[in-house]
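**Q**
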Amino acid sequence: MAAPEFVPSAPTGQKHYTSPPQRAGAGSAARPGETFGSPVQSGGRLGAQGPDQGFALTLTKVFKNKLELMPGEYIGDVNSGCVGVATKRASLFHRAPVVHDLRIAYTLFGFLDEKPAKDLVTFRKEAFAEVHYSFHYFERRAIADLVSDEVLAQTPDQVASRYNADWRDQLGV
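Dropping the structure here:
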């Protein structure tokens, strides 16, 4: 920033700082983490990239008192598994997660249902067991992979009505 005119300059007129010369090739995306000019990797078990996916963890607080957990189910496991589904849905729309993404994830697995089917409870207890631990990444990915993109493209009301008809219809079970 230039100094105002009323600030006296050095008597020698020399500058105390000069910018270094411009580097050739500066501004290219050759550093790790930058994806300019290169496609985002996709494929099995790489997940679904999207902006600000960590916000889904904050949104889990909205459902803290609304979840219907059965004995032997841990809220950390439920949130961890459903956040994967919610972020997958958010990435389909190229946006950060919103509360409806989590609502759909919880609905698909019956966590918002007061009396879910017994076979669903058995299934989800196995699928969600201990997935909140960081070394269970592949188990969390398996939960997210149970739900197809076509199901995730539906509205929360459509998912809820199809869940009430038959929960297996929307999961790859």
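In our numbering, each number is its position in the sequence shown, counted from 1, plus 6. Positions of the beta carbon are idealized from the N, C-alpha and C atoms, including for glycine. Since the structure is predicted, the reported quantities are computational estimates derived from the model, not experimental observations.
(1) By a C-beta neighbour count over all protein chains shown, 10 Å radius and 16 as the cutoff for buried, is ALA111 buried or exposed?
(2) Mind checking whether VAL153 and LEU126 have CB atoms under 9 Å apart?
(3) Identify every run of the alpha helix (DSSP H) within the region 67 to 112, keeping only runs that are complete inside it and at least 4 residues long; order them along the chain.
(4) Can you check whether the CB of HIS100 is closer than 9 Å to the CB of PRO57?
(5) Is it right to say GLY116 is buried, meaning 16 or more other beta carbons lie within 10 angstroms of its own, or is it exposed?
(6) Pull up the distance between the alpha-carbon of PHE134 and that of GLU156, whole angstroms please.
(7) With C-beta atoms as the reference, is LEU158 less than 9 Å away from ARG95?
(8) Mark PHE180 as exposed unless 16 or more other C-beta atoms lie within 10 angstroms of its C-beta, in which case mark it buried.
(9) Measuring alpha carbon to alpha carbon, tell me which of MET76, GLY90, THR66 ends up nearest HIS142.
**A** From the atom records:
(1) buried
(2) no
(3) 81 to 98
(4) yes
(5) buried
(6) 22 Å
(7) yes
(8) Summary: the structure shown does not reach residue 180, with the chain confined to residues 7 through 179, and so no result is reported for it.
(9) GLY90
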